[in-house]
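Chemist:
Chains as they are written, first to last, in UniProt numbering: chain A, 1 to 537; chain B, 1 to 126.
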């Protein structure tokens with residue numbers, strides 16, 4: 001835990017907040033005092049994809065979160081030191097998942113408690129406004145007339161509507177843990193808190209102290225509070241949900257290992273929310289990361305480097321770059337060495353492109369041969385199975401199997417060719433025998449053709465198609481030069497780093513489109529016949 | 001031919017007399033015509049002015065009566081036996097040239113300058 005800062009309750013709540021006005025208590029000053037033993041925080045922050053959809057109050061691990069509240073400033077710059085701390089952090093992180101889960105549960109219950117308390121405060125305030133005069137000075141109160149009692153119904157229904165609306169908007173399982181606070185939610189929470197506090201102040205001073213007898217006025221005051229809460233909820237909907245629906249930016253996401261690129265249209269989001277949207281799309285759109293496909297280029301790169309060695313024939317290196325001219329000589333020497341290497345590499349008769357070409361052609365041929373064998377084997381295997389109709393099932397004649405057994409029966413005939421094909425295309429670690437048999441049973445049950453069964457093995461599918469353990473993409477880190485709570489801008493670049501690879505995200509604004517209109521009269525479509533004939537006379 | 005109003009037009013106009021040749025039961029003249037007011041003047045390769053809808057000679061069969069009489073490819077036929085050919089449809093032109101009861105057709109043709117023989121040049125001012 002040394003390389004990560006412990007987070008304060010404030011930013012933690014952002015990831016799993018349930019009610020914006022529950023965040024009312026989470027004002028900044030409140031939490032500065034709460035921030036823990038200011039351990040040295042790292043310079044990059046973490047987004048963690050949740051391992052499953054947690055239900056409300058579920059105490060399963062959501063992953064660790066690293067907050068940076070102590071810094072106050074907004075930059076999360078990636079410097080050279082953060083590179084080192086990142087690698088160390090990786091190792092540390094893998095081994096301490098369990099510890100964090102225990103710590104997280106405490107914090108989660110804490111946030112849940114606070115949320116419930118704030119919610120109760122907000123909901124009970126109007127009721128308190130109505131009930132307190134009856135409790136404190138019942139004899140002085142004027143009788144509540146018809147209009148006043150009508151307002152009771154109004155308060156009741158508005159509170160009910162508010163309850164339903166809050167449930168609809170905020171009672172959702174949190175999708176992810178974000179590094180920084182969700183700015184809009186925090187602002188709304190502060191707004192609600194200020195609002196409720198000011199109402200209480202007014203009530204306390206003008207009504208409780210002076211023991212106002214006009215009960216109708218008090219009821220109208222309570223109704224105005226509920227109305228204003230409904231309007232704040234409307235504001236919450238607009239800020240949290242509606243504002244980012246209209247697409248404003250087009251982001252280009254590139255995977256660093258193999259260059260697979262996708263484009264998405266996003267609305268006006270902060271960088272962390274944009275990263276969240278991108279990652280949700282990543283699991284659906286990008287094919288699964290396969291490190292086995294990258295070994296060829298790595299070996300080629302290694303061969304390039306191993307080709308040339310530089311020997312310094314003339315002798316001395318300057319021992320220490322003490323004075324100016326000597327320093328320049330040292331760097332000059334290094335420059336000339338690298339230039340000599342580049343020149344020699346360019347001049348050398350490199351035949352590696354030849355090898356690459358023939359190797360790729362050979363690989364292509366081999367893949368196609370194996371694929372042909374595989375397709376034939378699978379088609380033949382599928383002919384051994386026939387679905388029994390209802391009538392035939394009645395007069396069951398012995399060897400009747402359910403889909404799982406049927407799959408196990410025909411699997412051995414195609415197993416070998418499938419295994420060979422997966423080895424050739426280097427996908428063998430993505431599929432286990434168990435998963436293949438399961439998929440086969442699934443295809444048999446749903447009357448799929450052999451081609452449909454094979455499709456998931458012939459092309460690498462999206463990451464979600466595979467089991468969780470094969471994703472190689474669980475813990476994400478958001479690396480950004482500007483604050484992650486600032487909005488997307490034209491030309492914004494940030495990285496989503498995983499252990500094995502990273503996603504480079506570039507944002508561009510969608511251009512302003514100027515449409516003009518041209519009217520065409522339907523009667524204006526006229527044609528003439530244009531001939532050019534030649535006659536011999 | 002194309003002209004600029006007010007400027008003198010140079011055209012080579014000549015009268016050509018073609019004697020029809022009997023081939024089986026047909027009387028042939030030995031050339032092909034193109035153009036007409038119902039045709040597309042823009043596709044005419046021989047006219048200078050691409051809105052000229054006149055009748056042009058598009059092909060002359062070698063050793064035919066038209067070639068013997070001196071008709072050249074690209075000539076514009078202005079009159080046939082006195083009938084005007086500058087404002088006729090393609091079919092009307094064909095009919096005027098292939099009347100069965102006529103043995104000889106006398107054409108008034110206008111040629112491109114380079115094609116014509118020198119002593120038939122005339123100059124008009126419009």
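Where a beta carbon is used, it is the ideal one built from N, C-alpha and C, also for glycine. If you're wondering where the values come from, they're calculated on a predicted model, not measured in any experiment.
Which of the three DSSP states, helix, strand or coil, is assigned to residue 446 of chain A?
Modeler: Correct three-state label for residue 446 of chain A: coil.
Chemist: Between which residues of its own chain and residue 55 of chain B is the CB-CB distance below 6 angstroms, once the five residues before and five after are set aside?
Modeler: 33, 35, 77, 85, 93.
Chemist: Mind listing, in chain order, the continuous beta strand (DSSP E) runs of no fewer than 3 residues lying wholly within the stretch 380-457 of chain A?
Modeler: none
Chemist: Applying the criterion that 16 or more other CB atoms from any shown protein chain within 10 Å of the CB defines a buried residue, is residue 15 of chain B buried or exposed?
Modeler: exposed
Chemist: Since residue 129 of chain A contacts residue 225 of chain A with CB under 8 angstroms, what's their CB separation in whole angstroms?
Modeler: About 7 angstroms separates the two Cβ atoms, so the contact holds.
Chemist: What is the residue span of the beta strand (DSSP E) that residue 104 of chain B lies within?
Modeler: 104-111
Chemist: Alpha carbon to alpha carbon, how far is residue 277 of chain A from residue 477 of chain A? Give it in angstroms, no decimals.
Modeler: Looking at the backbone, the Cα of residue 477 of chain A and that of residue 277 of chain A are separated by about 14 angstroms.
Chemist: Along chain A, which residues have their Cβ under 8 angstroms away from the Cβ of residue 31 of chain B?
Modeler: 536, 537
Chemist: So, does the CB of residue 52 of chain B fall closer than 8 angstroms to a CB anywhere in chain A?
Modeler: Chain A contact via Cβ: absent.
Chemist: Output yes if chain B places a C-beta closer than 8 angstroms to the C-beta of residue 530 of chain A; else output no.
Modeler: yes
Chemist: Assuming residue 285 of chain A and residue 262 of chain A make a contact with CB atoms under 8 angstroms, what is their CB distance in whole Å?
Modeler: 5 angstroms
Chemist: Please name the residue in A/530, A/440, A/342 whose C-alpha comes closest to that of residue 412 of chain A.
Modeler: A/440
Chemist: Which residues in the same chain as residue 381 of chain A place their Cβ atom closer than 7 angstroms to its Cβ, once the five residues preceding and following it in sequence are excluded?
Modeler: 410, 413, 414
Chemist: State buried or exposed for residue 358 of chain A, treating a residue as buried only when at least 16 other CB atoms are found within 10 Å of its CB.
Modeler: Flag for residue 358 of chain A reads exposed.
Chemist: Please look up how many angstroms separate the CB atoms of residue 180 of chain A and residue 272 of chain A, rounded, as I've assumed it's under 8 angstroms.
Modeler: That belief holds up - the Cβ atoms of residue 180 of chain A and residue 272 of chain A are roughly 6 angstroms apart, short of 8 angstroms.
Chemist: Please state the DSSP three-state secondary structure of residue 490 of chain A.
Modeler: Shown here, residue 490 of chain A sits in coil according to DSSP, grouped into three states, outside any helix or strand.
Chemist: Closer than 8 angstroms, CB to CB, is residue 15 of chain B near chain A or not?
Modeler: no
Chemist: Write down every uninterrupted run of the alpha helix (DSSP H) in the UniProt domain "PDZ" (15-104) of chain B whose length is 4 residues or greater and which is fully enclosed by it, in chain order.
Modeler: Those alpha helix (DSSP H) runs which fall completely within the UniProt domain "PDZ" (15-104) of chain B and span 4+ residues are 65-69, 90-97.
Chemist: Could you tell me if residue 67 of chain A is buried or exposed, where buried requires 16 or more neighbouring beta carbons within 10 angstroms of its beta carbon?
Modeler: Its pLDDT being 46, under 50, residue 67 of chain A is placed unreliably by the model, and the measurement read from it follows with that caveat. Residue 67 of chain A should be labelled buried.
Chemist: Starting from the N-terminal side, write out each stretch of the beta strand (DSSP E) that is 3 residues or longer and does not extend beyond the stretch 253-290 of chain A.
Modeler: 261-266
Chemist: Where does residue 12 of chain B sit, in a helix, a strand or coil, going by DSSP?
Modeler: strand
Chemist: Among B/8, B/10, B/21, which has the Cα closest to the Cα of residue 67 of chain B?
Modeler: The residue with the shortest Cα to Cα distance from residue 67 of chain B is B/21.
Chemist: So residue 533 of chain A contacts chain B; which residues on that side make the cut at Cβ distance below 9 angstroms?
Modeler: 34, 36, 39, 90
Chemist: From what residue to what residue does the beta strand (DSSP E) around residue 534 of chain A run?
Modeler: 534-536
Chemist: Is residue 200 of chain A helix, strand or coil when you go by DSSP?
Modeler: helix
Chemist: Taking just the CA atoms, how far does residue 52 of chain B sit from residue 87 of chain B?
Modeler: 10 angstroms
Chemist: Chain A partners of residue 107 of chain B, CB-CB under 8 angstroms?
Modeler: By Cβ distance, chain A contributes nothing, its closest Cβ being about 11 angstroms from residue 107 of chain B, past 8 angstroms.
Chemist: When the distance is taken between beta carbons, is residue 81 of chain B closer than 8 angstroms to residue 105 of chain B?
Modeler: yes
Chemist: Provide the residue(s) that pair with residue 249 of chain A in DSSP beta bridges, ordered along the chain.
Modeler: A/266, A/509
Chemist: Using the C-alpha atoms, what's the distance from residue 196 of chain A back to residue 122 of chain A?
Modeler: 7 angstroms
Chemist: Between which residues of its own chain and residue 570 of chain A is the CB-CB distance below 6 angstroms, once the five residues before and five after are set aside?
Modeler: The structure shown does not extend to residue 570 of chain A, since chain A is modelled only from 1 through 537, so no value can be given for it.
Chemist: Could one say the Cβ of residue 370 of chain A lies closer than 8 angstroms to chain D's Cβ atoms, at least one of them?
Modeler: Structure shown: chain D not included; protein chains present are A and B.
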